[in-house]
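These notes concern the structure reproduced below.
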Amino acid sequence: MIDMPKCDGSDPLGWLFKAHEYFTFYGIPEESRLSAVCLMLDGAALDWFRWKQRNHLLPSWPDFVTKFKLRFDPLIYVDYFGLLSKVRQTGSVLDYQQAFEKVLVNVTGVDEANLQCLFHAGLKSHLQHEIMLQKPDSLSASFALARESEAKHATWASSILSRPTSWGKSGQPSSTPPLLPTPGAKPTTAAPPTQPPIQRLSRADKLERDAKGLCYNCDEKWTKGHRCGRFLLLIEDEDDTDD
């Protein structure tokens, strides 16, 4: 024999469902259910029922169901369909599915296609688009595809993180040069620029070159735009004096 479902006022909707199934299974008609229901109640629920019965305030089983919900269901006036549309995935797909189903159990009169749309809309974006492209034909299929897609993404991410270090052509792992100098290493200094050869130019030599129109640096004629084939560092000899 199946045990009677008990209720102390918590989870009223779950208990009403179990009570209905119990009475249906044993073929107990509605007119006899009020007599049997007192055996299923404890605590606050039993106190409430006793007061209602003694004051003849429960004429029928449907009346009992309505008043029981008003007394113990904290969400009696909640729009469950609206609440369902606000459920969103914040953790795993399984956690989201369970939260969705917890509200879904109180939703009636909505076709499955609309329920699928609500479930898809609450998924994380990368899963949402992938599931919609596969066009599952039922809410159960949507649940399964979402879990499968999540597992696939997790496997892909794990393979990326565990990918081995790339190897160079020499068979050794490639390494990237350090951004900062190695401690203790001597800094590389640039070689000083090579100075051009030094040639002293006396005052007399300078005057002679001026007279011949020669370049001070080379023996070629000096013209505007002239470029020397070699460079010398000329130092004028100041010891020479004019006659």
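Once you know that position 5 of the sequence shown is 5 in UniProt numbering, the rest is easy, because the numbers rise by one and skip nothing.
Ideal Cβ placement from N, Cα and C applies to all residues, glycine included.
Is residue i helix, strand or coil by DSSP?
i: serine 32; result: helix
i: glycine 75; result: Note that residue 75 corresponds to leucine in the displayed sequence, not to glycine. Reduced to three states, the DSSP call for leucine 75 is coil.
i: leucine 233; result: Because leucine 233 carries a pLDDT of 49, less than 50, the predicted location of this residue cannot be relied on, and no value is offered for it.
i: lysine 221; result: strand
i: cysteine 215; result: coil
i: aspartate 3; result: coil
i: glutamine 89; result: coil
i: arginine 227; result: coil
i: valine 37; result: helix
i: threonine 155; result: helix
i: valine 65; result: helix
i: glycine 82; result: helix
i: serine 142; result: helix
i: glycine 122; result: helix
Looking at the unbroken alpha helix (DSSP H) that takes in residue i, where does it start and where does it end?
i: valine 103; result: 93-104
i: aspartate 210; result: 203-212
i: proline 59; result: No alpha helix (DSSP H) holds proline 59; DSSP gives it neither H nor E.
i: leucine 46; result: 43-54
i: lysine 18; result: 12-25
i: serine 125; result: 125-134
Determine the contact status of residue i and residue j, defining contact as a CB-CB distance below 8 Å.
i: tyrosine 77; j: valine 107; result: no
i: glycine 9; j: alanine 36; result: no
i: leucine 34; j: leucine 58; result: yes
i: tyrosine 22; j: methionine 1; result: no
i: phenylalanine 25; j: cysteine 38; result: no
i: leucine 127; j: glutamate 150; result: yes
i: glycine 213; j: lysine 224; result: no
Am I right that residue i and residue j are in contact with their C-beta atoms under 8 Å? What's the rounded C-beta distance?
i: phenylalanine 100; j: leucine 84; result: 7 Å
i: alanine 146; j: isoleucine 160; result: Alanine 146 to isoleucine 160, Cβ: 22 Å. No contact.
i: phenylalanine 72; j: proline 136; result: That belief does not hold up - the Cβ atoms of phenylalanine 72 and proline 136 are roughly 37 Å apart, past 8 Å.
Using a Cβ distance threshold of 8 Å, determine whether the stretch 7-17 contacts the stretch 60-80, with at least three qualifying pairs required. Enough Cβ pairs lie closer than 8 Å, so yes.
Three-pair Cβ contact test at 8 Å for the stretch 85-98 versus the stretch 48-57: Output reads no: the stretch 48-57 does not touch the stretch 85-98.
So does the stretch 139-146 actually touch the stretch 110-119, counting three or more Cβ pairs closer than 8 Å? Taking a cut-off of 8 Å on C-beta distances, the stretch 139-146 touches the stretch 110-119, as three or more cross pairs fall below it.
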